[in-house]
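*Asks:* Note that our numbering gives residue 4 to position 4 of the sequence shown, counting from 1, and the numbers run on in steps of one.
For each residue, glycine too, the CB sits at the ideal point set by N, CA and C.
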Amino acid sequence: MSISERHSNLITGTVGLVFSLAYIRFASGIEDSLLADEVGASGVPMSIGWLMALASVLLLVKAFKQKQAPALLAEPDEAADEDAPQNPHRLALGLLLILAIYLILLPWLGYVVAIGLLSAAVAWFAGGRESKVLLGFVLLTGPLLWFLFDYALKVKMPTGIWAAFFAG
C-alpha cells in the first residue's frame, strides 16, 4: 500500500510544525550574555525555527488544497515503476561515498576545486547529464562559495596545493 502525496504532505507538515514549535520553545530559553549583539544568542535558532514552521504550514496548506486521490483497484502499471525512486539506502550510500571522496581530496585540492567537484558529482548523481551545465556548475559553484565563506563570512577555507603555486 503506497501513501498518497496528500497524506505524505499532511504527515510531514504536521510533524514538521510540531518539531519547529518545540524547537522555537527551546530556542527562546537560550540566555543572552552581556556580550550579545542585537540579535542575541537565540536570534539565529529562533529564525530557523520560524522558517521551519512557515515551511511546515505551507506544506499543510498544499496538502489541504490537493484533492483526495481515488483508491486504485487495478494493478499498478510497470511504466510507473520506471519513474519510481531508487532504493533510498543506495542513494544515501552513493552520496556518502561522494562526500568521503570530497573529504579526502579537500586538503590537496583546496576548497574551491573540491567543492566545485563535489557539487558536480552530486548533480551528476542526481541525474544531471549535460556536460556544459555541469562544467558551468563546477566553474561557478567553487568560486562563489569560497567568496561567500572567505570574504563575506570571514571563514578561511583550505587552499590545498594551490597556495604553493600562487604564493609570491
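Can you round the beta-carbon distance between leucine 106 and proline 158 to whole angstroms, since I take them to be within the 8 Å contact cut?
*Replies:* The Cβ separation is near 6 Å, so the contact holds.
*Asks:* Near alanine 120, which residues of its chain fall below 7 Å by C-beta distance, leaving aside the five closest residues on each side in sequence?
*Replies:* Counting only Cβ-Cβ distances below 7 Å, and skipping sequence neighbours, we find Leu134, Phe137, Val138.
*Asks:* Return the residue from the list Gly13, Ser47, Glu130 that minimises the CA-CA distance to isoleucine 24.
*Replies:* Here the closest residue by C-alpha is Ser47.
*Asks:* Kindly indicate which three-state DSSP category serine 4 falls into: helix, strand or coil?
*Replies:* Correct three-state label for serine 4: coil.
*Asks:* For alanine 63, does the count of other Cβ atoms within 10 angstroms reach 16, so buried, or fall short, so exposed?
*Replies:* So alanine 63 ends up on the buried side.
*Asks:* Between leucine 51 and glycine 16, how many whole angstroms is the CB-CB distance? I'm expecting something under 8 Å.
*Replies:* Between glycine 16 and leucine 51 the Cβ distance is about 11 Å, and since that is not below 8 Å, they are no contact.
*Asks:* Taking Cβ positions, are leucine 95 and valine 57 nearer each other than 8 Å?
*Replies:* Not closer than 8 Å, so no.
*Asks:* Which residue comes first and which comes last in the alpha helix (DSSP H) that contains arginine 90?
*Replies:* Where arginine 90 is concerned, the enclosing alpha helix (DSSP H) stretches over 88-125.
*Asks:* Give every residue of the same chain whose Cβ lies closer than 8 Å to the Cβ of tryptophan 124, excluding the five residues on either side of it in the sequence, and list them in chain order.
*Replies:* Closer than 8 Å at the Cβ level, and outside the excluded window around tryptophan 124, lie Leu134.
*Asks:* Nearest to tryptophan 146 by CA position, among Val61, Leu99, Leu93, Val112, is which residue?
*Replies:* That would be Val112, whose Cα lies nearest to the Cα of tryptophan 146.
*Asks:* Rounded to the nearest angstrom, what separates glycine 116 and histidine 89 at their Cα positions?
*Replies:* Looking at the two C-alpha atoms, the distance is approximately 25 Å.
*Asks:* If contacts are defined as beta-carbon pairs under 8 Å, then alanine 53 and serine 20 qualify, I think. What distance do you get, rounded to the angstrom?
*Replies:* The pair is a contact, with the Cβ atoms about 4 Å apart (cut-off 8 Å).
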